[in-house]
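Asker: For reference, the structure I am asking about is given below.
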Amino acid sequence: MRQRHLLAFVTVLAVALGVTEFALAGKISTVAGTGKPDNNVSQGRSDGVNIGQPFGVELGPDGALYITEVLNHRVWRLDRKTKKLTVVAGNGQKGYSGDGGPATEAMLNEPYEVRFDADGNMFFVEMQNHLIRRVDAKTGIISTVAGTGQQGYAGDGGPAIKAQFSRPHSIALDDNGGLYVADIGNHRIRRIDLKTGIVDSIAGNGEKTLPTDGAAVKGQPILGPRALDIDGQTMWIALREGHSIWKLDLASGKIQHIAGTGKKGFSGDNGPALEATFNGPKGIAVGSNGDVFVCDTENQVIRKIDPQTGMIATVAGAGPDVAKYNGDNRPALTAGLARPHGICVSPSDEIFIGDTLSHRVREVQPYDVSVSTDRENARYETAEPVDFQIDVLKYGQPATSGRVNYTLTKDGLTALTVGRAELQGKPIHVRGVMPEPGFLRCVVKVTPKAGRPLTAIAAAAVSPEMIQPSLPAPEDFDEFWAMQKERLAAVPATAEVTPVKSPDEEIETFDVQVNCLGPTPVSGYLARPKNAAPKSLPALLYVHGSGVRSSSLGNAVEGARMGLLALDINAHGIPNGRPAKFYRDLATGKLKTYRHDGRDSRDTSYFLGMYLRLMRAMDFLTAQPEWDGKILIVSGHSQGGGQSLVAAGLEPRVTAIAVGVPAMCDHSGRVINRINGWPKLVPIDDAGQPEAAALEASRYFDAVNFAARTDADAILSIGFIDAVCPPTTNFAAYNQLRGEKQTVERPAMGHAAPQDIKDEFKQFIRNHIEKQK
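The opening residue of the sequence shown carries number 1 in full-length UniProt numbering; numbering runs sequentially from there.
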């Protein structure tokens with residue numbers, strides 16, 4: 001049987017959704033393969049190694065996933081923690097050789113399926129060599145255990161090594177030293193006693209006829225046995241030509257019809273499995289609770305049969321009309337599969353699929369966990385009750401076992417309600433109230449019977465327009481920044497402007513380095529439409545999120561295509577266009593802790609230099625002869641969103657800002673027991689209090705205080721479940737803005753900048769320019 005004592009590797013699924021209806025199973029993803037079939041390497045990261053037509057998949061006793069590659073004649077091992085793929089059998093050449101030597105040097109011919117015995121020895125079937133081979137767990141030596149390499153039917157009652165098979169496809173092992181072979185070309189199932197080496201047929205007589213339901217099957221017909229799995233004393237069988245699923249009692253030898261009418265088709269979901277139709281099922285696996293999973297190959301789906309109820313449902317794949325790869329990181333029922341052949345199920349119920357013609361191995365998570373509010377916009381007034389609904393699905397159906405723990409918190413910090421409930425196949429409701437403005441968060445952990453807890457989050461906005469900064473600006477805030485402007489003005493704004501190759505022949509592009517106060521210059525890319533007339537272009541400054549990277553030529557060009565004078569600057573004043581290693585070395589070296597460097601003083605904070613470069617960049621941009629002298633827009637996300645607020649507060653010529661999930665807001669939140677966001681500028685001491693020096697310095701760099709000093713038009717995106725830049729901090733800044741303003745609120749969004757919000761920002765910029773004209 002497939003070994004149930006495997007070391008379980010569990011993926012924690014975190015799904016946080018707003019109001020939604022559930023009818024979909026868990027997410028699907030690719031765990032191995034690139035989509036290309038060519039033989040490129042013998043080891044490497046799973047997303048860089050080609051796997052040509054993966055068929056069999058199996059979890060080994062070491063917790064790794066083993067994959068048979070038909071097209072390139074190899075067996076792979078995927079370490080699920082490190083994501084590394086390594087060849088464990090086959091040298092990539094088609095043939096039959098290597099017995100008695102290392103398995104990696106052997107020639108194979110279309111390995112179809114792989115299994116392990118209790119000692120960890122690996123067995124796999126080679127369809128085109130008509131035999132079964134074994135790799136010793138300790139030595140890695142390969143040997144043949146059954147088959148001569150010649151196609152035929154012979155040898156029952158004698159040594160398996162001298163027997164003949166015909167296109168064997170699948171194998172399975174029992175607890176008694178038996179190795180079973182789906183000898184499909186001979187329409188038989190054969191058993192090899194691994195202790196004696198003797199082979200015999202336990203089902204089939206070579207006739208192409210469906211078996212008789214309830215009868216002993218030894219010596220009787222069985223039509224096209226393609227895939228086998230064993231659970232205890234029960235063998236589960238997928239009949240390819242018979243388009244049906246059967247189970248064989250290994251003790252009595254009697255076979256029972258479980259699913260499929262025997263006719264080709266795709267029907268019957270959510271009804272009796274015996275009334276369903278299949279189309280060439282080619283893979284089968286038993287889950288931890290006895291559910292049977294089938295690769296309904298020519299229908300391009302994975303189906304689940306509940307032996308207790310006799311019901312069938314599809315759990316992955318969009319059906320025969322979508323016979324191609326798509327849908328990663330989306331619900332599995334919407335994904336396209338491409339003739340899936342192999343399947344196995346982990347002890348914690350993840351499904352692994354050999355998605356053959358997509359040249360990938362896919363994984364389906366069993367659970368969808370969501371929390372939703374009873375209002376689509378998730379907005380409430382202070383002291384108004386909020387109803388959170390918790391839904392837990394397993395393979396698309398309400399989960400009936402497991403435990404739910406939930407916590408309601410004020411802004412993700414102070415616990416207001418803690419509780420638990422048991423899953424009973426229906427939604428769980430939790431009610432809560434916030435006595436003050438902020439965000440009421442519901443964090444749910446679901447503990448299935450198998451696997452680690454799963455997490456989901458939802459949040460309700462409670463009178464968010466009433467959220468105020470945790471502390472006022474320092475009394476000398478304006479004086480401090482006026483002094484910084486004077487210091488900056490004393491430094492000549494000399495600039496090196498170097499033409500660089502543009503990806504658009506209608507756009508001129510330049511590398512820009514502008515002298516600034518401090519050790520690093522402004523570093524960016526400037527782009528403008530060719531032959532732009534003087535005073536004809538609105539100006540747009542793009543600023544970057546956290547991290548260490550080059551300025552983006554693409555961003556600048558995108559702005560120029562909108563008819564703007566566009567400058568994209570990196571956050572650190574570092575050179576542009578260098579190899580990736582240059583930026584990685586900075587990120588892991590000199591700039592590794594930049595966000596906290598010098599944070600105990602306003603005169604040494606890293607953000608002082610960043611903000612000075614921001615001012616100098618605007619000075620440079622507005623000094624260009626093409627600037628229209630009227631419109632100056634600043635845009636960015638996260639750290640760039642914070643910088644956009646800062647820019648508007650420092651430069652009165654800024655007419656509009658497009659601010660995505662801004663960082664650097666309300667650094668002092670912990671003073672009033674409120675969560676603060678990136679960059680967590682103020683450390684908390686052992687007594688749970690903010691450290692005084694860093695707290696005082698942070699107030700001079702808080703985007704909230706700059707927001708209160710601008711009349712610019714503004715658009716600001718806010719994710720209600722953002723744990724990096726919490727929504728409370730975003731609203732603390734938004735509510736200080738004095739100009740025309742609007743929010744893009746996403747109850748289901750964390751810290752993200754999705755394309756649709758970027759598109760909305762572009763439209764905001766277009767509208768602003770039109771209004772100014």
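Idealized CB from N, CA, C, for every residue including glycine. In this text, all values refer to a predicted model and were calculated from it rather than measured experimentally.
Taking 6 Å as the limit between beta carbons, can you name the residues of its chain near residue 520, skipping five residues before and five after?
Answerer: Around residue 520: 573.
Asker: Out of 670, 537, 515 and 92, which one is the CA nearest neighbour of residue 613?
Answerer: Of the listed residues, the one whose Cα sits closest to residue 613 is 515.
Asker: Have a look at residue 335 and residue 34 and give me their C-alpha separation to the nearest angstrom.
Answerer: So the alpha carbons of these two residues sit roughly 17 Å apart.
Asker: Just to confirm, is the Cβ distance from residue 292 to residue 236 under 9 Å?
Answerer: For residue 292 and residue 236, yes; Cβs fall inside 9 Å.
Asker: If you follow the beta strand (DSSP E) that residue 568 is in, where does it begin and where does it stop?
Answerer: Segment 565-569, the beta strand (DSSP E) holding residue 568.
Asker: Would you kindly report the start and end of the unbroken alpha helix (DSSP H) that includes residue 554?
Answerer: Where residue 554 is concerned, the enclosing alpha helix (DSSP H) stretches over 553-561.
Asker: Specify the secondary structure class of residue 755 as computed by DSSP and reduced to three states.
Answerer: Helix at residue 755.
Asker: The alpha helix (DSSP H) with residue 484 in it runs from where to where?
Answerer: That run of the alpha helix (DSSP H) goes 477-489.
Asker: Could you give the uninterrupted runs of the alpha helix (DSSP H) lying entirely in the UniProt repeat "NHL" (164-195), keeping only those of 4 residues or more?
Answerer: Counting only runs of 4 or more, we get nothing.
Asker: Leaving out five residues before and five after residue 278 in sequence, what residues of the same chain have Cβ atoms less than 6 Å from its Cβ?
Answerer: Taken in chain order, the residues that qualify are 243, 260 and 296.
Asker: Report the partner residues of residue 447 according to the DSSP bridge assignment.
Answerer: DSSP lists 403 as partners of residue 447.
Asker: Taking the alpha helix (DSSP H) that residue 707 belongs to, which residues open and close that run?
Answerer: It spans 703-707 - the alpha helix (DSSP H) in which residue 707 sits, taken as one unbroken run.
Asker: Using three-state DSSP, classify residue 796 as helix, strand or coil.
Answerer: With the chain covering 1 to 773 only, the question about residue 796 has no answer from this structure.
Asker: Does the ligand FAD have a heavy atom nearer than 8 Å to the CB of residue 769?
Answerer: For the ligand FAD, the structure offers nothing, since it holds no ligand at all.
Asker: Express the C-alpha separation of residue 193 and residue 171 in angstroms, rounding to a whole number.
Answerer: Their Cα atoms are separated by approximately 13 Å.
Asker: From residue 205 to residue 108, what does the alpha carbon distance come to, in whole angstroms?
Answerer: Distance between the alpha carbons of residue 205 and residue 108: 29 Å.
Asker: With a floor of 3 residues, list each beta strand (DSSP E) that falls wholly inside the segment 589-645, ordered by position along the chain.
Answerer: Correct list: 627-637.
Asker: Rounding to the nearest angstrom, what Cα-Cα distance links residue 24 and residue 501 in this structure?
Answerer: Confidence in residue 24 is poor, its pLDDT being 36 and thus under 50, which makes the residue's placement unreliable; the coordinate value appears in the next sentence. Computed Cα separation, rounded: 47 Å.
Asker: Does DSSP classify residue 54 as helix, strand or coil?
Answerer: Strand.
Asker: With C-beta atoms as the reference, is residue 661 less than 9 Å away from residue 690?
Answerer: No, the pair does not count as a contact, with Cβ atoms beyond the cut-off.
Asker: Note the first and the last residue of the continuous alpha helix (DSSP H) segment covering residue 225.
Answerer: No alpha helix (DSSP H) contains residue 225, which is instead part of the beta strand (DSSP E) from 225-231.
Asker: Please state the DSSP three-state secondary structure of residue 63.
Answerer: Three-state DSSP puts residue 63 in coil, outside helix and strand.
Asker: Would you kindly work out how many angstroms separate the C-alpha atoms of residue 676 and residue 489, rounded to a whole number?
Answerer: Taking the straight line from one Cα to the other gives about 33 Å.
Asker: Just checking my contact of residue 745 with residue 715 at CB under 8 Å: how many whole Å lie between their CB atoms?
Answerer: 11 Å between Cβ atoms; not a contact.
Asker: Count the other C-beta atoms from every protein chain shown that fall within 10 angstroms of the C-beta of residue 418, then say buried if there are 16 or more, exposed otherwise.
Answerer: Exposed, since its Cβ has fewer than 16 Cβ neighbours within 10 Å.
Asker: Taking the C-alpha atoms as reference points, what is the distance between residue 385 and residue 55?
Answerer: Taking the straight line joining both Cα atoms gives about 53 Å.
Asker: What are the complete beta strand (DSSP E) segments, minimum 3 residues, inside the segment 82-121?
Answerer: Taking only runs of at least 3 residues, the beta strand (DSSP E) segments lying wholly in the segment 82-121 are 84-89 and 111-116.
Asker: Whose C-alpha, out of 381, 617, 65 and 768, is nearest the C-alpha of residue 512?
Answerer: When only C-alpha atoms are compared, the closest one is 617.
Asker: Name the DSSP bridge partner or partners of residue 326?
Answerer: Answer by DSSP bridge pairing, in chain order: 336.
Asker: Mind checking who residue 367 pairs with in its DSSP beta bridge?
Answerer: Residue 367 is bridged to 394.
Asker: Taking 8 Å as the limit between beta carbons, can you name the residues of its chain near residue 770, skipping five residues before and five after?
Answerer: So the list is empty, once near-sequence residues are dropped.
Asker: So, with DSSP's three-state summary, where would you put residue 23?
Answerer: Note that residue 23 scores 32 on pLDDT, short of 50, meaning its location in the model is unreliable; the coordinates nonetheless yield the value given after this. Correct three-state label for residue 23: coil.
Asker: What does residue 542 pair with, by DSSP beta-bridge criteria?
Answerer: In the DSSP output, where bridge partners are listed per residue, residue 542 has 568 and 635.
Asker: Report all residues from its chain with a CB closer than 6 Å to the CB of residue 707; omit the five preceding and five following residues, and keep chain order.
Answerer: Excluding positions up to five away in sequence, the list reads 645, 733, 736 and 737.
Asker: For residue 702, which residues of its own chain have a beta-carbon under 6 Å away from its beta-carbon, when the five flanking residues on both sides are left out?
Answerer: Correct list, in chain order: 667.
Asker: Below 8 Å on the Cβ atoms is my contact criterion, and I expect residue 790 with residue 302 to pass it. Report the Cβ-Cβ distance as a whole number of Å.
Answerer: This structure leaves residue 790 out entirely; the chain is present only between 1 and 773.
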